[in-house]
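Chemist:
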Amino acid sequence: MYKSFLIKYGEIAIKGKNRYLFEEALVKQIRYALASAEGAFEVRRLQGRIYVDALSDYDYDEVMEALSHVFGVVGICPVVLVEDEGFEALVKDVCAYVDRVYPDKHMTFKVHARRARKNYPMDSMQLNAALGEKLLLAFPDLKVDVHHPDITLCVEIRENINIYSTEHPGPGGMPVGTNGRAMLLLSGGIDSPVAGYMIAKRGVAIDAVYFHAPPYTSERAKQKVVDLARIISRYTGPIRLHVVNFTDIQLYIYEQCPHEELTIIMRRYMMKIAECFAGQDHCLGLVTGESIGQVASQTMQSLAATNAVCSMPVYRPLIGFDKKEIIEISEKIDAYETSILPYEDCCTIFVAKHPVTKPNLRAIERSEQKLSDKIEGLLQKALETAEVIEVEGKE
Ligand code: ATP
Ligand code: MG
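Basically this note's numbering = 1-based index in the sequence shown + 29.
1) Just how far apart, CA to CA, sit L164 and G101?
2) Run through DSSP, which three-state label would G201 get?
3) Compute the distance between the beta-carbons of H141 and L182, then report whether it is under 8 Å.
4) Could you tell me the distance, in whole angstroms, from the CA atom of P342 to the CA atom of S326?
5) Just tell me which of M30, F70, L156 and D236 has its CA closest to the CA of R129.
6) Does the beta-carbon distance from R146 to R187 come in below 8 Å?
7) If we call anything under 8 Å between Cβ atoms a contact, is L407 one with I321?
8) Tell me, please, which residues DSSP counts as bridged to H288.
9) Taking A95 and L55 to be in contact with their CB atoms under 8 Å, please state how far apart those CB atoms are, rounded to whole angstroms.
10) Does the ligand ATP have a heavy atom nearer than 7 Å to the CB of Y131?
11) Comparing alpha-carbon positions, which option in N189, G161 and E185 lies nearest P178?
12) For T317, verify whether its CB is less than 7 Å away from any heavy atom of the ligand ATP.
13) Given 7 Å as the limit, tell me if G291 has its C-beta closer than that to any heavy atom belonging to the ligand ATP.
14) If I follow the unbroken beta strand (DSSP E) through I268, where does it start and stop?
15) Can you tell me which of the three DSSP states C339 falls into?
16) I'd like to confirm something about I219: is its beta-carbon nearer than 7 Å to some heavy atom of the ligand ATP, or not?
17) For L280, is the beta carbon positioned less than 7 Å from some heavy atom of the ligand ATP?
18) Starting from the C-beta of G318, find all residues in its chain whose C-beta is less than 6 Å away, skip the five residues before and the five after it, and write them out in chain order.
19) Under 8 Å between the Cβ atoms of A337 and L390?
20) Count the other CB atoms, across all protein chains shown, that sit within 10 Å of the CB of A234; report buried if there are 16 or more and exposed otherwise.
21) Pick helix, strand or coil for T181, following the three-state DSSP scheme.
22) Under the criterion of a Cβ to heavy atom distance below 7 Å, does Q327 qualify as lining the ligand ATP?
23) Heavy atom of the ligand ATP less than 7 Å from the Cβ of V324, yes or no?
24) Just reading off the alpha helix (DSSP H) that E248 is part of, what are its end residues?
25) Would Y49 be called buried (16 or more neighbouring beta carbons within 10 Å of its own) or exposed?
26) Tell me the residue span of the alpha helix (DSSP H) that contains C124.
27) Can you tell me the Cα-Cα spacing of G349 and Q323, whole angstroms?
28) Write down the C-beta distance between T335 and I404 rounded to the nearest angstrom, noting that I regard them as a contact closer than 8 Å.
29) Reducing DSSP to helix, strand and coil, say where G104 ends up.
30) Under the assumption that M212 contacts L119 (Cβ atoms under 8 Å), give the Cβ distance between them as a whole number of angstroms.
31) Compute the distance between the beta-carbons of A435 and L257, then report whether it is under 8 Å.
32) Answer with buried or exposed for S85, where buried requires no fewer than 16 other C-beta atoms within 10 angstroms of its C-beta.
33) In angstroms with no decimal places, state the Cα-to-Cα distance between N47 and F138.
34) Compare the C-alpha of V420 against each of P200, T367 and R259 and name the closest.
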């Protein structure tokens, strides 16, 4: 029954000049999200508001679902827009609205009128009282409750008149694209997809890099990462996924370096490679799914050793999260079922029995000197042979 949706967004971040950029990005992301829904839609900005108009039949739940993935959206209100044809016409429209949306009228309500257009002949208080009275007359089962009503009927006098009474929560955050771009180190695990979601929530667009080690890791493990990228791209927008063949580098490290340092040294090379792609893709930082103390390679000392190879900032949005909290978000964004599929990961294959938990940076650097013969060539090759997969939310 609704032909339009009123999109509410946070006002705090959009003072002054930022407002235009924020709204432009939001409109773009709404269009992207709606592309995966059946039907034709128009997204338009009007006087500090964003409306989605359905130009064809559509599936209500599907549209709600799509809009609820757009960062920057605070609320989604299915709205009825009517022309201003005088108060009596408005009464008819409001009654018709209530009648259609609420077949059972045993409920309390209040009218919340707002005038964005001050030339309307009645002010908000008068409208509240007059519309309330007409509704009580039309539907004797209704009762007014101004403090805790079952429904709040919003009537906003703008160019058109907006009538709505429900607001579905959006994900909040800022529209993707308003805060630059970052390179996500995306594994097939639980954490890194959540990290990508979290950073995108703050308006950062993402690209990703995945390290695989064929034949030790399978094609299915790689497909799982592509699937995860697709799942988070419903929130983040399109992701350019770089798939790096890491096998030769890993084998070389395995041959040359103490095994308890493998994970740290591997991680350092992952960061270096990720940073190269980040530079190419105009990223302003790297993103990982690390959280302090979760495993040996995520102690403060290990993080410091990993961090030391990067010249770009490394963002770790999950740094203070417990696994349980991360899993909750993973489930919420529908990544969890995919993340827990039991495919091998390149880090688990070459893992040492007793990895160092307090690596010493100087010692690690000394171990890495044993790689000096071939590592530059191997890095070069890994960069050159990387595959690029453009991932989008649509199947
Ligand atoms: P995740 O659940 O994200 O795999 P994890 O708990 O398994 O994390 P680690 O294996 O220590 O933790 O990895 C830490 C971070 O390093 C990951 O969150 C991810 O950002 C990055 N990372 C690890 N392995 C890979 C990989 N094969 N490809 C890309 N990034 C990786
Ligand atoms: Mg992992």
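Here a beta-carbon is modelled for each residue, glycine too, at the ideal position from N, C-alpha and C.
Modeler: Let's see:
1) Position 135 of the sequence shown holds residue 164. Position 72 of the sequence shown holds residue 101. Put simply, the backbone Cα of L164 is about 35 Å away from that of G101.
2) As a first step, residue 201 must be located in the sequence shown, where it is residue number 172. Residue state, collapsed to three classes: coil.
3) Here residue 141 is taken as the residue at index 112 of the sequence shown, counted from 1. Here residue 182 is taken as the residue at index 153 of the sequence shown, counted from 1. Contact flag set, yes.
4) The residue given as residue 342 occupies position 313 in the sequence shown. The residue given as residue 326 occupies position 297 in the sequence shown. Going by the C-alpha atoms only, they are around 19 Å apart.
5) Here the question's residue 129 lines up with position 100 in the sequence shown. Closest in alpha carbon position to R129, among M30, F70, L156 and D236, is M30.
6) On the sequence shown, position 117 is the one that residue 146 refers to. On the sequence shown, position 158 is the one that residue 187 refers to. In contact: R146 and R187 (Cβ atoms closer than 8 Å).
7) Taking the first residue of the sequence shown as 1, we reach residue 407 at position 378. Taking the first residue of the sequence shown as 1, we reach residue 321 at position 292. Their beta carbons are not under 8 Å apart, which means L407 does not touch I321 by this criterion.
8) Taking the first residue of the sequence shown as 1, we reach residue 288 at position 259. In the DSSP output, where bridge partners are listed per residue, H288 has none listed.
9) Residue numbering aside, residue 95 sits at position 66 when the sequence shown is read from its first letter. Residue numbering aside, residue 55 sits at position 26 when the sequence shown is read from its first letter. With 8 Å as the limit, A95 and L55 do not qualify as a contact, their Cβ atoms being about 14 Å apart.
10) Your numbering for residue 131 matches position 102 in the sequence shown. Outside the cutoff, so no.
11) For the purposes of this step, residue 178 is taken as the residue at position 149 of the sequence shown. Ranking the options by Cα distance to P178, first place goes to G161.
12) For the purposes of this step, residue 317 is taken as residue 288 along the sequence shown, with counting starting at 1. Yes; taking the cut-off as 7 Å, the Cβ of T317 has a heavy atom of the ligand ATP nearer than that.
13) Sequence index remark: in the sequence shown, residue 291 carries index 262 (1-based). In the sequence under discussion, the amino acid at residue 291 is Leu, which differs from the Gly named in the question. Answer for L291: no, Cβ out of range of the ligand ATP.
14) In the sequence shown, residue 268 corresponds to position 239, counting from 1. Looking at the DSSP string, the run of the beta strand (DSSP E) that includes I268 is I268 to N274.
15) Here the question's residue 339 lines up with position 310 in the sequence shown. Note: C339 maps to coil in three-state DSSP.
16) Here residue 219 corresponds to residue number 190 of the sequence shown, with the count starting at 1. Answer for I219: yes, Cβ within range of the ligand ATP.
17) In the sequence shown, counting from the first residue as 1, residue 280 sits at position 251. It does not: the Cβ of L280 is nowhere closer than 7 Å to a heavy atom of the ligand ATP.
18) As a working note, residue 318 is residue 289 in the sequence shown. So the list reads D220, S221, A224 and L347, once near-sequence residues are dropped.
19) The residue you call residue 337 lines up with position 308 of the sequence shown. The residue you call residue 390 lines up with position 361 of the sequence shown. Yes. Within cutoff.
20) On the sequence shown, residue 234 is found 205 positions in, with the first residue counted as 1. Answer is buried; the Cβ neighbour count reaches 16.
21) For the purposes of this step, residue 181 is taken as residue 152 along the sequence shown, with counting starting at 1. Three-state result, T181: strand.
22) Start at 1 with the first residue of the sequence shown, and residue 327 comes out as number 298. At least one heavy atom of the ligand ATP is nearer than 7 Å to the Cβ of Q327, so yes.
23) The residue given as residue 324 occupies position 295 in the sequence shown. Within the cutoff, so yes.
24) Walking along the sequence shown from the start, residue 248 turns up at place 219. Where E248 is concerned, the enclosing alpha helix (DSSP H) stretches over E248 to T265.
25) Sequence index remark: in the sequence shown, residue 49 carries index 20 (1-based). The residue is exposed, with fewer than 16 neighbouring Cβ atoms inside 10 Å.
26) Reading the sequence shown from its first residue, position 95 is the one you call residue 124. Note, C124: alpha helix (DSSP H), F116 to V130.
27) Stepping through the sequence shown from its first residue, residue 349 is reached at position 320. Stepping through the sequence shown from its first residue, residue 323 is reached at position 294. Computed Cα separation, rounded: 10 Å.
28) Position 306 of the sequence shown, counted from the first residue, corresponds to residue 335. Position 375 of the sequence shown, counted from the first residue, corresponds to residue 404. With a Cβ gap of about 17 Å, T335 and I404 do not count as contacting.
29) Residue 104 sits at position 75 when you count from the first residue of the sequence shown. Strand, per DSSP.
30) Translated into the one-based positions of the sequence shown, residue 212 becomes position 183. Translated into the one-based positions of the sequence shown, residue 119 becomes position 90. With a Cβ gap of about 53 Å, M212 and L119 do not count as contacting.
31) Only positions 30 to 424 of the chain appear in the structure, and residue 435 is not among them; the question remains open.
32) In the sequence shown, the residue the question calls residue 85 occupies position 56. Classification for S85: exposed.
33) Position 18 of the sequence shown holds residue 47. Position 109 of the sequence shown holds residue 138. Approximately 37 Å, taken between the alpha carbons.
34) For the purposes of this step, residue 420 is identified with residue 391 of the sequence shown, where counting begins at 1. Selected option, being the one with the closest Cα: R259.
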